[in-house]
Amino acid sequence: MTSLPHLQEGIATSQGRFSLLREGRDSAFEGHAHTLMHMFAGALGVTARPGQIVNRTLVFTINRPNVALRGLGADQVYILILASCDASWAKADSLFWKKVESAGDMPIILACGDEEYELAKHRTAGRLALVLQPANIAELLSSPRPIETLKQLIRSQFKPGQLHPFDHQRPAVDASFRGRHAILQTLRDNPNTNFALIGPSMMGKTSLVKRHLSASSGGNRDGRGVYVDLFARPVQDLALARAIRMAIDPSLSAYHDPADSLPDFLAKVKSRLGGPFEIVLDETDKHLDLPTMGVLIHLAVNGLYRMILVGRWGLMKHAVHSKDDNFIRLEAAPMPPLSIDEAMEIIERPLVDMGFDFSSCRHDFRNAIHRLGRVPGLVQELGAFFVEEAGRASPSEALRKALNRIISATRIIGLLNDLSCVEARAAALLFAHSAEKGGEAEPLWLKTQFKKHGIGVGVARCIEICDELVIHHLLGYESGVYRMARWDIVAESHQQRSRFEALLEEELEGARTSSPLS
Numbered sequence: 001m002t003s004l005p006h007l008q009e010g011i012a013t014s015q016g017r018f019s020l021l022r023e024g025r026d027s028a029f030e031g032h033a034h035t036l037m038h039m040f041a042g043a044l045g046v047t048a049r050p051g052q053i054v055n056r057t058l059v060f061t062i063n064r065p066n067v068a069l070r071g072l073g074a075d076q077v078y079i080l081i082l083a084s085c086d087a088s089w090a091k092a093d094s095l096f097w098k099k100v101e102s103a104g105d106m107p108i109i110l111a112c113g114d115e116e117y118e119l120a121k122h123r124t125a126g127r128l129a130l131v132l133q134p135a136n137i138a139e140l141l142s143s144p145r146p147i148e149t150l151k152q153l154i155r156s157q158f159k160p161g162q163l164h165p166f167d168h169q170r171p172a173v174d175a176s177f178r179g180r181h182a183i184l185q186t187l188r189d190n191p192n193t194n195f196a197l198i199g200p201s202m203m204g205k206t207s208l209v210k211r212h213l214s215a216s217s218g219g220n221r222d223g224r225g226v227y228v229d230l231f232a233r234p235v236q237d238l239a240l241a242r243a244i245r246m247a248i249d250p251s252l253s254a255y256h257d258p259a260d261s262l263p264d265f266l267a268k269v270k271s272r273l274g275g276p277f278e279i280v281l282d283e284t285d286k287h288l289d290l291p292t293m294g295v296l297i298h299l300a301v302n303g304l305y306r307m308i309l310v311g312r313w314g315l316m317k318h319a320v321h322s323k324d325d326n327f328i329r330l331e332a333a334p335m336p337p338l339s340i341d342e343a344m345e346i347i348e349r350p351l352v353d354m355g356f357d358f359s360s361c362r363h364d365f366r367n368a369i370h371r372l373g374r375v376p377g378l379v380q381e382l383g384a385f386f387v388e389e390a391g392r393a394s395p396s397e398a399l400r401k402a403l404n405r406i407i408s409a410t411r412i413i414g415l416l417n418d419l420s421c422v423e424a425r426a427a428a429l430l431f432a433h434s435a436e437k438g439g440e441a442e443p444l445w446l447k448t449q450f451k452k453h454g455i456g457v458g459v460a461r462c463i464e465i466c467d468e469l470v471i472h473h474l475l476g477y478e479s480g481v482y483r484m485a486r487w488d489i490v491a492e493s494h495q496q497r498s499r500f501e502a503l504l505e506e507e508l509e510g511a512r513t514s515s516p517l518s
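Every letter in the sequence shown is one number past the one before it in UniProt numbering, and letter 159, counting from 1, is 159.
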């Protein structure tokens, strides 16, 4: 309910309203607090839900306001009305204090007096909690554009580096998730299809599957969707089986059960749930050859549950090139780069809400995003570096510096480390060093180049290497033709160019050792 209750007599002015909250009868506090709650939510155009009252405090939640800043991406925002300096205020809803302690949430405190304001500021120092004093609250409630006023109040209390939501190391599963609407819809529209979701690092695979699992329309409530990250798991059957069991049933008995009992365990899970469920395994490349993985996929393709495997080139080889009956029944879903509009969606709205004038540099941002291959993680980095540089440079100069921080020898090393073998790394560097940007990239040309450097790699293997580079968006592929892509990221300065050439020599030497020319 968002309609405003009738204001009671005596609170027609802001000062009177806050005085009644602080000093009025205890029995009347709930009514006055609910009035302020509904007024605040109504001004922002969202729904309010009352929570716990402790003395002269009320915790309530509102639906997410239309603000694209850090801490405000979750479905609900927690708000505390503080009308007392009594120590018992700290006993307010524990969930609220968890939000205060969280680095990823921005709870709001509506302080009804100067003393309450100072207390709240002291209590939340160093946290991402927005504390509003009575004058701020009155300003927002009377503003013709309350959302813009809220943004201004947020910007007045926090530095830009605290407010931007750009973090490529944290999966975006709330409102900060952008793009990929078609893939999400495909996952939802095909609940009986088992997918192999394939792509390089920073392509947003983890964000996508976590967003899929968290979506209310995805059918993944009540334990029906299980996510398991295998990145740091030992490559052992027992470790794989244990990770899945513990994600579903974190009990001591499940921990000690042997790997070969997993099929019976999963059958009991389906029976207990009374219907289908879903298992998402992330970072699967190193675990694909385990017998337990084969059993898991066999059970999935035979309908016990729905499975989504997430990985890189190793998963691509198994899902596309393997002759295994189970793997070839997985639906391979390579992750393409974002469209330019999806990529701009990630970066533009947060920067505008932070107060940056985006109009003068929108075209430059689009060009920069194109240079970065429209990779979600790199777009996030671009936004974070831009905010950092904008504190000491003009927008155009800040963008140039941010792009240069990403386009570096370090970035090239990161891209190469994603590849499966030394031959693939050498091939990527050979293409980057010698092939024309935007031109064709021929596997036969690659075989010839390898031969010139004393490396024996056949045509079939060169085609497979080119396929891997396509998956990592280092080559493009269309109508049977490989094309150069993303290698304008090769640094242009002499020092960085020299570093790049040294990398090429290192990888060629490694390839000569592993695949000598016979």
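From the three backbone atoms N, C-alpha and C, an ideal C-beta is built for every residue, glycine too.
Just to check my reading of the structure: D285 and T206 have Cβ atoms closer than 8 Å, yes? What is that Cβ distance to the nearest angstrom?
14 Å between Cβ atoms; not a contact.
Starting from P50, trace the beta strand (DSSP E) in both directions and tell me its first and last residue.
48–54
Exposure of P443, with buried meaning 16 or more beta-carbon neighbours within 10 Å
buried
Just to confirm, is the Cβ distance from A368 to E389 under 7 Å?
no
Would you kindly report the start and end of the unbroken beta strand (DSSP E) that includes D353?
No beta strand (DSSP E) contains D353, which is instead part of the alpha helix (DSSP H) from 340–353.
Straight-line gap, P350 to H164 (C-alpha atoms, nearest Å)
7 Å
Could you tell me the distance, in whole angstroms, from the CA atom of A48 to the CA atom of V320?
50 Å
State the DSSP-derived secondary structure class of Y477, mapped to helix, strand or coil.
strand
Need the endpoints of the beta strand (DSSP E) that A111 sits in, please.
108–111
Output yes or no for whether 7 Å exceeds the beta carbon distance between V280 and V379.
no
Can you give the beta carbon distance from R242 to Y255, rounded, assuming they're within the 8 Å contact cut?
6 Å
Compute the distance between the beta-carbons of I81 and L95, then report whether it is under 7 Å.
no
Which residue or residues does DSSP assign as beta-bridge partners of E440?
R483
Between L69, L197, C112, which has its C-alpha nearest E148's C-alpha?
L69
Spell out a yes or no on whether the stretch 177–191 and the stretch 441–461 are touching, meaning 3 or more CB-CB pairs, one atom from each, closer than 8 Å.
no
Let me know the secondary structure DSSP gives Q236 once reduced to three states.
coil
Return the residue from the list Q162, K270, T35, L290 that minimises the CA-CA distance to D249.
K270
Should the stretch 324–332 be called in touch with the stretch 286–306, which here means at least 3 C-beta pairs below 8 Å?
yes
In whole angstroms, what is the alpha-carbon distance linking S216 and D75?
Low local confidence applies: a pLDDT of 44 at S216 is under 50, so the model's placement there is unreliable, and no value is given.
Give the single residue among S19, L128, D114, L110 whose Cα lies nearest to the Cα of K98.
L128
Sorted by chain position, which residues of the same chain lie with C-beta nearer than 6 Å to R56's C-beta, five sequence neighbours on each side aside?
F29, A83, S84
Residues of its chain near F385, where Cβ-Cβ distance is below 6 Å and the 5 sequence neighbours each way are ignored:
A402, R405
Reducing DSSP to helix, strand and coil, say where R306 ends up.
strand
For R512, collect the residues of the same chain with a Cβ closer than 8 Å to its Cβ; drop the 5 residues on either side in sequence, then sort them by chain order.
H453, G454, I455
Exposed or buried, Q169, counting other C-beta atoms within 10 Å across all chains shown (16 or more means buried)?
exposed
Measuring alpha carbon to alpha carbon, tell me which of D86, M39, T61, N66 ends up nearest V77.
T61
What do you get for residue 519, buried or exposed, if any count of 16 or more other CB atoms within 10 angstroms of its CB means buried?
Since the first and last residues shown for the chain are 1 and 518, residue 519 lies out of range.
Give me the Cα-Cα distance between V46 and P65, rounded to the nearest whole angstrom.
7 Å
Would a C-beta distance cut-off of 7 Å place H473 and G373 closer than the cut-off?
yes
Which parts of the stretch 19–88 are runs of the alpha helix (DSSP H), unbroken and 4 residues or longer, counting only runs that do not cross its ends?
29–44
What's the gap between the Cα of A333 and the Cα of H34?
49 Å
Tell me whether the beta-carbon of F195 lies closer than 7 Å to the beta-carbon of I53.
no
On the DSSP letters alone, give me the boundaries of the alpha helix (DSSP H) that E388 sits inside.
376–390
Is the CB-CB distance between S201 and D353 below 7 Å?
no
Flag this pair as yes or no: are the beta carbons of S396 and C421 separated by less than 7 Å?
no
With DSSP run on the structure shown, which of helix, strand or coil describes D467?
helix
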